[in-house]
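Here the structure is laid out as structure tokens; the discussion comes afterwards.
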Amino acid sequence: MSFTNGFSQTKSQVYDQPFSEDALLKNLENLSSDAFEGRRTGTRGGIKARKYIINEFHKFDIHPLLKTFEQPFSFTEDDVYYEGANVLGLIKGTKFPNKYIVVSAHYDHEGIKNGVIYNGADDNASGVSALFSFAEYLKNHPPQYSVILAAFDAEELGLQGSKYFVEHSKVGMNQIVFNINMDMISRSDKNELYAVGTGHFKFLKPIIFSIKSKEGFKLKTGHDEGNWRDDWTHASDHGSFFKKGIPFLYFGVEDHEDYHEPTDDYENIQPDFYGNTVKAILSVFEKLDKVKF
């Protein structure tokens with residue numbers, strides 16, 4: 007596979023209002039509420055989250071990738087049998103309808119442990135809510151490449167949903183040109199969002215460096231090569247695409263005190279930072295949509 011850099015080297019302006027930030031926050035608040043019971047794979051809360059995602063896709067006239075939005079699958083992990091389902095939406099490209107960029111986020115979390123709900127606001131209601139912002143933006147700004155909006159299930163149980171997707175995709179792996187994965191993007195005391203993947207795919211560095219963000223917000227590269235203590239190459243669903251040789255960018259923050267704790271609640275996210283992360287990721291997408299893959 008060869009790449010032609012069809013993007014401008016000039017600094018990109020982050021859009022002033024590419025999506026409703028009120029809706030972004032409201033969706034995160036809803037998905038991380040106790041009503042969804044921690045969204046564990048196969049539970050009542052997980053199924054409720056799945057229906058919520060489908061309903062939001064309908065709002066923006068997103069079409070299902072398959073006959074329906076759901077891609078069911080099953081697996082066994084630690085001698086426990088699970089039934090899960092990915093939620094897959096499609097936006098047809100205007101110039102390259104048979105080539106696909108997958109924009110993904112996992113919707114499952116830890117569920118209920120010892121009677122305590124793990125709401126997973128940052129991990130990963132934040133990524134899923136950003137998918138809806140992508141849907142809103144792309145409805146008004148049709149992409150050149152077809153876009154699959156993928157809400158993966160069972161990431162917390164070993165990337166099971168994304169593994170199933172790449173092994174049982176209606177779309178050939180040679181037709182998927184890129185994966186943007188979002189997992190934990192709504193809070194950082196350092197105001198730092200990492201774009202992981204530039205160490206593996208050098209053509210991405212100029213894209214990341216061209217993004218102009220709000221003052222105080224930092225879009226950084228790393229966690230994918232060199233002497234990083236934490237290598238995030240396989241840390242979330244992008245790892246399933248990387249194993250298939252598909253270029254990726256993973257957007258996420260470094261672990262915080264509420265990571266995988268019952269205190270990962272909506273009240274602890276940082277709204278301004280979150281809005282800036284989604285704007286930055288959309289700006290990167292706009293650049294990628296102009297690359298000739």
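Take any residue in the sequence shown, note its place counting from 1, add 6, and you have its number in my numbering.
Using N, Cα and C, we set each Cβ at its ideal position, and we do this for glycine too.
Just so you know, these numbers come straight off a predicted model, no measurement behind them.
Spatial distance of residue i from residue j (CA atoms)
i, j, result
"residue 286", "residue 170", "29 Å"
"residue 41", "residue 298", "44 Å"
"residue 82", "residue 162", "13 Å"
"residue 25", "residue 85", "43 Å"
"residue 10", "residue 176", "Any answer about residue 10 is weak, because its pLDDT of 41 lies below 50 and its placement is not dependable; what the coordinates show is given next. C-alpha separation (whole angstroms): 27 Å."
"residue 289", "residue 214", "9 Å"
"residue 128", "residue 160", "16 Å"
"residue 145", "residue 120", "42 Å"
"residue 210", "residue 295", "12 Å"
"residue 279", "residue 181", "34 Å"
"residue 166", "residue 184", "19 Å"
"residue 4", "residue 147", "Missing from the structure shown is residue 4; the chain here goes from 7 to 299 and no further."
"residue 108", "residue 88", "25 Å"
"residue 8", "residue 93", "Bear in mind that the predicted position of residue 8 carries a pLDDT of just 36, short of 50, making it unreliable; the figure below should be weighed with that in mind. Near 30 Å, if we compare the C-alpha coordinates of residue 93 and residue 8."
"residue 56", "residue 276", "25 Å"
"residue 91", "residue 168", "10 Å"
"residue 173", "residue 29", "34 Å"
"residue 248", "residue 254", "7 Å"
"residue 274", "residue 250", "36 Å"
"residue 36", "residue 291", "26 Å"
Nearest neighbour of residue i, chosen from the options [CA to CA]
i, options, result
"residue 265", "115, 43, 137 and 39", "115"
"residue 222", "196, 157 and 239", "196"
"residue 59", "103, 104, 139 and 228", "139"
"residue 187", "179, 154 and 174", "154"
"residue 104", "71, 135 and 247", "71"
"residue 158", "179, 135 and 178", "135"
"residue 149", "174, 106 and 118", "106"
"residue 224", "251, 240 and 260", "260"
"residue 62", "35, 137 and 125", "137"
"residue 179", "252, 124 and 201", "252"
"residue 126", "67, 43, 141 and 102", "43"
"residue 269", "123, 34, 78 and 51", "123"
"residue 256", "262, 78, 263 and 204", "204"
"residue 142", "263, 23, 262 and 237", "23"
Exposed unless 16 or more other CB atoms sit within 10 angstroms - verdict on residue i
i, result
"residue 293", "buried"
"residue 151", "buried"
"residue 283", "buried"
"residue 304", "This structure gives no information on residue 304, because the portion of the chain shown stretches from 7 to 299."
"residue 199", "buried"
"residue 69", "exposed"
"residue 74", "exposed"
"residue 281", "buried"
"residue 38", "buried"
"residue 230", "buried"
"residue 271", "buried"
"residue 235", "exposed"
"residue 16", "Annotation note: pLDDT 40 at residue 16 (below 50); position unreliable, no value reported."
"residue 110", "buried"
"residue 67", "exposed"
"residue 50", "exposed"
"residue 244", "buried"
"residue 246", "buried"
Strand pairing of residue i, partner residues [DSSP]
i, result
"residue 151", "102"
"residue 227", "201"
"residue 119", "122"
"residue 180", "Looking at the DSSP assignment, residue 180 forms no beta bridge with any residue, so it has no partner."
"residue 69", "96"
"residue 82", "87"
"residue 254", "185"
Beta carbon proximity, residue i to chain C, threshold 9 Å
i, result
"residue 286", "In the structure shown, chain C cannot be found, because there is only a single protein chain."
Review point. Looking at C-beta atoms only, is the number of pairs between the region 187 to 194 and the region 211 to 220 that lie closer than 8 Å three or more?
Key: no
Review point. Just checking, does the region 105 to 114 make contact with the region 128 to 143 on the three C-beta pairs under 8 Å criterion?
Key: The region 105 to 114 vs the region 128 to 143: in contact.
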